[in-house]
Amino acid sequence: MKKSLRWAVPVAALGLAGLGIGLPGTASAASTTSYQANLQAINHVTGSGDFMLKLNGSQATVTEHVSGLADKFGGNAYPHVQHIHIDGKGQCPTTSADTNGDGVVSTTEGAPSYGGIGTTLSTSGDTSPAAGTTLTVAPSGATFTYSRSFTLDSKTMAALKAGTAVIVVHGLDPATLSKKAQGEKSDLVPALPLAATSPALCGVVTASQMTSVPGGAPQTGGGSTSGIQDESVLLLGGGLLIAAGGAFAARRRTARQN
Amino acid sequence: MNIRAHRARVYGAVGTVLLIAAVAVLIVAWRAQRHAPRPPATAAIPAQVIPSTPSSAAPTRLPVHSSRPAKPVIRGPLLPRSTPVRISIPAIGVTSTVQQLGLAADGTVQVPPLGRDSHTGWYKYSPTPGQLGPSIVLGHIDSAKYGPGVFYRLGDLRQHDRVAVTRADRTVAVFEIERVVEYPKKHFPTLQVYGNLDHAGLRLITCGGKFDPSVKSYEDNIVAYASLVSSRRA
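Residue numbers (the numbering used here), protein chains in the order written: chain A, 1 to 258; chain B, 1 to 234.
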């Protein structure tokens, strides 16, 4: 290689790195918006959760963690239907929303606060309000992680931007309800008890203070200080130790022959 | 004195010298073993560094039956937007320039380059230090090639330690540590670390715990949570 060319390669590499081309896998965050919600317990529930939504055009990617909900329903995992509610006040109901005084804020009683269903957060298939009470596509159990990408309809999208979208996760443990409420039927699906469809967790969706919320744990370590360091020095020490042992053994042999 | 006795004495002397050398080398190697500090459970207990109630200037909470969503209340001081250029954490001997980081292809924050000079990086899609919300600053704990990184001692930070971030507008944003927590990467509390705040926050993040050589990754992250307490001219 010519002397002049020898410098050209690293200089060009630096130039590329400076342009960001040399960096591994940079993703654009300019076109995405992030939303979040802290899911808090209502109706004597002890659970909690968090909800994140990334919006790219009309493509929504939801990641949600829920824990502490009712676990079983008739021996099976308890289905927790969940929705993005829209067109209400953009709030979660307080106990004062319990107009019939049975100790439970039913879905209907909470509606003035959070509105009606805009999107059903189902595990598969339909995400429209029509799938709102389809138990077979509801996430289930006491603890679940929900993640799904789907196309968001324009009404829910408008509510997200207006700050009036509210996440509601339904399904209470009947044992935590008053005697009166335990005997009541669901205000939504009369075939089910009131506990099955009443709200358990609620969270107002807000735009993130970050332009784009990162996915999780960053890789901030190479590992040089984690395990055994300076193995070569340790090996040298070990080698010297063995050599010393050899010398002493040789000495003994020689002495014995004497 | 026969030749054998002489040879035995030479072997003995050589053995002694080798033994001394071996012990010396092993002591040097043992002293070179370095492990990054990990935060104890007590470091995870939050300290209050800004008032728990909003300042009097903030609007009072709207009644529940208002037709508008409740206005967010804000605690502690805020600064206008300005990108960070330098960070100083005297308690753990850190002074570093701050680079800008984007997103990696897997959706996590890009990390600063693993170079001889380990720098910190500010995640450019997070608020700038002093703005409302969680400002994210990353640093390596170490690199395979160059040893300890800029945030090697992050696990040594304790409640009320100070962090000074010099910004492009020549203000210094002064943060105070509230807590330092180690999380398994598998259960990284994304919303807790990156979620919205009612104050100007700072999150210093590095790796920690055990290193898994098979995937070249630490198993944990150490996160130091801080809040803006004051600011001054640089």
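A virtual CB, placed ideally from N, CA and C, is assigned to each residue, including glycine.
Quantities reported herein were computed from a predicted structural model and do not represent experimental measurements.
DSSP three-state assignment for residue i, whether helix, strand or coil
i      : result
T32/A  : strand
R256/A : helix
A250/A : helix
T166/B : strand
I45/B  : coil
A41/A  : strand
L55/A  : strand
A234/B : coil
R31/B  : helix
P184/B : strand
S186/A : coil
L240/A : helix
R7/B   : helix
G208/B : strand
Contact set between residue i and chain B, taken where Cβ atoms lie within less than 7 Å
i      : result
R251/A : A8, Y11, G12 and G15
T206/A : N196
A255/A : A8
S212/A : L103 and Y125
A243/A : L18
A247/A : Y11, V14, G15 and L18
Residue environment, residue i, which counts as buried when at least 16 other CB atoms sit within 10 Å
i      : result
V268/B : For residue 268/B there is no data in the structure shown, the boundaries of chain B being 1 and 234.
R31/B  : exposed
D212/B : exposed
S208/A : buried
I45/B  : exposed
E231/A : exposed
R203/B : buried
N38/A  : buried
R179/B : buried
H35/B  : exposed
A8/B   : buried
T151/A : exposed
H6/B   : exposed
S52/B  : exposed
Q219/A : buried
Q48/B  : exposed
Per-residue contacts from residue i into chain B (C-beta, under 9 Å)
i      : result
S178/A : None at all; the shortest Cβ gap to chain B is about 23 Å.
L194/A : Simply none; closest approach about 23 Å.
A191/A : Near A191/A there are no residues of chain B at all, since even the closest Cβ is about 33 Å away, more than 9 Å.
D230/A : V28, A29, A32 and Q33
Q40/A  : The premise fails here: Q40/A is roughly 13 Å from chain B at the closest Cβ pair, so nothing lies under 9 Å.
Contact list for residue i against chain A, beta-carbon separation under 7 Å
i      : result
T106/B : In the sequence on display, residue 106/B carries Asp and not Thr. Correct list: G215.
S235/B : The requested residue 235/B is not part of the displayed model; chain B covers only 1 to 234.
S217/B : Q219
Chain-ordered chain A contacts of residue i [CB-CB under 8 Å]
i      : result
L132/B : Q209
T206/B : T220 and G221
Proximal chain B residues relative to residue i, where beta-carbon distance stays under 8 Å
i      : result
T225/A : R34, H35, A36, I141, D142, G147, P148 and Y152
Q36/A  : L191, G195 and N196
Relative to chain A, which residues along the stretch 177-191 of chain B have a C-beta separation below 7 Å, given in chain order? Result list: K185, F188, T190 and L191.
If contact means a Cβ-Cβ distance below 7 Å, which residues of the stretch 42-71 of chain A contact chain B? Result list: D50 and M52.
Between the stretch 139-150 of chain B and chain A, which residues of the former have CB atoms less than 9 Å from a CB of the latter, in chain order? If the cut-off is 9 Å between Cβ atoms, the stretch 139-150 of chain B has G139, H140, I141, D142, S143, A144, K145, Y146, G147, P148 and G149 near chain A.
Taking beta-carbon pairs under 9 Å, can you tell me which members of the stretch 16-44 of chain B lie near chain A? Going along the stretch 16-44 of chain B in chain order, one finds T16, V17, L18, L19, I20, A21, A22, V23, A24, V25, L26, I27, V28, A29, W30, A32, Q33, R34, H35 and A36 with a Cβ nearer than 9 Å to chain A.
Inside the stretch 132-184 of chain A only - beta strand (DSSP E) runs reaching at least 3 residues: Listed in chain order, the complete beta strand (DSSP E) runs (minimum 3 residues) inside the stretch 132-184 of chain A are 144-151 and 166-170.
Residues within the stretch 108-131 of chain B neighbouring chain A, beta-carbon criterion of under 9 Å: For the stretch 108-131 of chain B, the set of residues with a beta-carbon nearer than 9 Å to any beta-carbon of chain A comprises T108, V109, Q110, V111, P112, P113, L114, Y123, K124, Y125, S126, P127 and Q131, in chain order.
Just to confirm the assignment: which complete beta strand (DSSP E) runs, minimum length 3, are found wholly within the stretch 108-146 of chain B? Contiguous beta strand (DSSP E) elements confined to the stretch 108-146 of chain B occur at 120-123 and 133-139, taking only those with 3 or more residues.
Please list, in chain order, the residues of the stretch 128-145 of chain A that have any C-beta partner in chain B closer than 7 Å. Legend: CB atoms of the stretch 128-145 of chain A lying less than 7 Å from CB atoms of chain B are not found in any residue.
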